[in-house]
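J.:
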Amino acid sequence: MSGFGFSEEQEMFRKMVRNFSQKELAPGAKERAKQEGNREMAQKWSKKIASVDLIGLGVPPEYGGQGADWVTVAIAVEEMSKADINLGAFPVLPALMAKSMDIGGVSQEIRQKYLPAMCKGESMLCLSITEPNCGSDVAAIRMKAVREGDHYILNGEKTSVSGGMTADLCYIFAKTDPGAGARGVTSFLAPLDLPGITKSRIPDMGFKNVTRASLFFDDVRIPVDHRLSDEGKGFYMLMGTFDVLRVFLALSVLGAAETSINEAIDYSKQRTAFGQPIARYEGVSFKIAEHATRIEAGKLLCYRTFWLADQGIVHTKEAAMCKWFCPVVAREAIHDALLIHGHVAYSEEHPIEQRLRDAIGYELADGTADIMKIIVARELMGKETRPY
Ligand SMILES: Cc1cc2nc3c(=O)[nH]c(=O)nc-3n(C[C@H](O)[C@H](O)[C@H](O)COP(=O)(O)OP(=O)(O)OC[C@H]3O[C@@H](n4cnc5c(N)ncnc54)[C@H](O)[C@@H]3O)c2cc1C
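If you want our numbering, it's the 1-based position in the sequence shown plus 90.
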């Protein structure tokens, strides 16, 4: 090995993002987390993050972005998530959309129409797969897309869409061939102001200001040039998207866990019990040592996976490992950070209780641990281990 770490440029970039995040995003994170999000609030933060060129980081420069590699985008997401986990993921979907448009051969007109506005933070994107009857089993989606001339007509219900109440655009998956299972799925870019779309907010236990929503499509006409994949290729496009998206979720929740453990370290040095700072008790310091080790291991797994992605090396197994392992590591670390703070943290006034609720959301979002372990086992042991 010739080196093991970040380049000097990446370290400088991390410092810049950390300064911005701690100065602009961390203050008020606790208050924001209690509020139901709305479009005005989402756009205010989207534009603020865009003002320092962080939203379009992974989008090519010809569409208004910075053209950064995945490792660099990950550095930004980690640092922003340490400050406010609910704002940390802003750079992720624009980068994935640019990638999907590239893979799908979407026209230059459509890319120029949408990507620069996303990079400026003016236009926000959500991702919609889950339906009331299916989440893990993506191939079972029922939303229909029927071609009629130069449009597709979409009908059906989506749910659990993060940012669904505030987004302008939706990266959505529907069936163009309902009888064909995974081979019948096609992906589209749907402007959410089209006639026939209605929304309803989900009253979440965490992520309140991210605004998870159900979306109802009733004869919604999507122009053919807004199709992102070839007909029947949407499922495979989604699996490629997940191989990156899942790693971002994993790294983001580790950022929140690291902040919680750092807060527990500070607290344990100033809180006394039985005449000594609680930091001197191994029941406290060993917990911190163990969680810090697990968080570090999780981060290494995430960054290695992003590095594989940057090299163009298949990383399906590693992405699934990140997505089952890191949210568990994070939830356990945040839980113990709360216990180390004692009664003080068992309160809506304390940021740790919110992060604990958010971490549970990360265990579910974009695939549960069970589904991730099926993928890891399949990649390690072969297709004959698949339960279906
Ligand atoms: C905070 C949050 C944000 C989300 N954001 C989005 C979003 O932006 N867009 C979107 O489309 N979706 C989103 N989701 C939905 C998420 O992707 C789904 O919740 C997830 O894929 C699981 O699907 P499900 O909830 O329908 O559970 P189900 O698929 O019904 O599974 C229920 C339980 O059964 C287990 N199970 C299912 N099949 C198997 C199996 N073969 N082997 C073992 N166990 C199995 C699962 O692990 C789970 O514990 C979000 C969810 C949350 C909580």
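Glycine included, C-beta positions come from ideal geometry on N, C-alpha and C.
This structure is a prediction, so every number in the text was calculated from the model and none was measured.
1) Here's the rule I'm using: 16 or more other beta-carbon atoms within 10 Å means buried, otherwise exposed. How should F94 be labelled?
2) Using only the alpha-carbon positions, how far apart do K105 and L279 sit?
3) Verify the contact flag: G343, CB atom, against every heavy atom of ligand 1, threshold strictly below 7 Å.
4) Do you know whose CA, among H433, I292, G286 and A340, lies nearest L390's CA?
5) So who's on the other strand from H241, going by DSSP bridges?
6) So does the segment 296–305 actually touch the segment 363–377, counting three or more Cβ pairs closer than 8 Å?
7) Run the proximity test for F54: is its beta-carbon closer than 7 Å to any non-hydrogen atom belonging to ligand 1?
8) Helix, strand or coil for I200? Go by DSSP, reduced to three states.
9) Pull the bridge partners of V275 from the DSSP assignment, please.
10) From the DSSP output, read off the bridge partner residues of V251.
11) So, helix, strand or coil for D492, using DSSP?
12) Are the segment 306–323 and the segment 190–201 touching, with three or more C-beta to C-beta distances below 8 Å?
13) So, is G365 buried or exposed, given that buried needs 16 or more other C-beta atoms within 10 angstroms?
14) Within 7 Å: the Cβ of T458 and any heavy atom of ligand 1?
15) As a quick exercise: from P184, L217, F325 and A435, pick the residue whose alpha carbon is nearest that of Q202.
16) Could you check the C-alpha separation between V107 and E98 for me, to the nearest Å?
17) By how many angstroms is the C-alpha of R476 removed from the C-alpha of L122?
18) S226: which of Y478, G472, G457 and M471 sits nearest, CA to CA?
19) Along the chain, where does the alpha helix (DSSP H) containing S171 start, and where does it finish?
20) CB-CB under 7 Å to V466, same chain, minus the five flanking residues each way: which ones, in chain order?
21) State the beta-bridge partners of P367 as determined by DSSP.
22) With H, G and I counted as helix, E and B as strand and the rest as coil, what does DSSP make of R232?
23) Leaving aside the five residues before and after S111 along the sequence, list all residues of the same chain whose C-beta is less than 6 Å from its C-beta, in chain order.
24) When the Cα atoms are used, what is the spatial distance from E126 to T256?
25) S218 bridges to which residues according to DSSP?
26) Exposed or buried, A363, counting other C-beta atoms within 10 Å across all chains shown (16 or more means buried)?
27) Nearest by alpha-carbon distance to Q133: which of T162, W160, L177 and A164 is it?
28) Helix, strand or coil: how does DSSP classify G324 here?
29) By a C-beta neighbour count over all protein chains shown, 10 Å radius and 16 as the cutoff for buried, is T395 buried or exposed?
30) Going along the chain, which unbroken runs of the alpha helix (DSSP H) with 4 or more residues stay wholly within the segment 114–138?
31) Give a single yes or no on whether G246 has its beta carbon closer than 7 Å to a heavy atom of ligand 1.
32) Below 8 Å between beta carbons: does that hold for A188 and L205?
33) Under 6 Å Cβ to Cβ from P441, same chain only, skipping five residues before and after it: list those, please.
34) Note the first and the last residue of the continuous alpha helix (DSSP H) segment covering T395.
35) Short check: CB of Y452 to CB of P417, under 8 Å?
36) Quick test of your reading: V228 and F325, contact by CB under 8 Å. State the CB separation rounded to the nearest angstrom.
T.: Taking the definition as stated:
1) exposed
2) 35 Å
3) A small correction: the amino acid at residue 343 is Val; Gly does not occupy that position in the sequence shown. V343 Cβ: outside cutoff for every heavy atom of ligand 1.
4) A340
5) E238 and P313
6) no
7) It is not possible to answer for residue 54, since the shown part of the chain is limited to 91 through 478.
8) helix
9) K265
10) A303
11) Residue numbering for the chain in the displayed model covers 91 to 478; residue 492 lies beyond these limits and cannot be assessed.
12) yes
13) exposed
14) yes
15) P184
16) 14 Å
17) Residue identity check: residue 122 is Arg in the sequence provided, not Leu. For R122 and R476, the distance between alpha carbons rounds to 42 Å.
18) G457
19) W160 to A173
20) K407, A410 and M411
21) T362
22) coil
23) E169, M170 and A173
24) 11 Å
25) I262
26) exposed
27) L177
28) helix
29) buried
30) 119–124
31) no
32) yes
33) K120
34) E372 to Q401
35) yes
36) 7 Å
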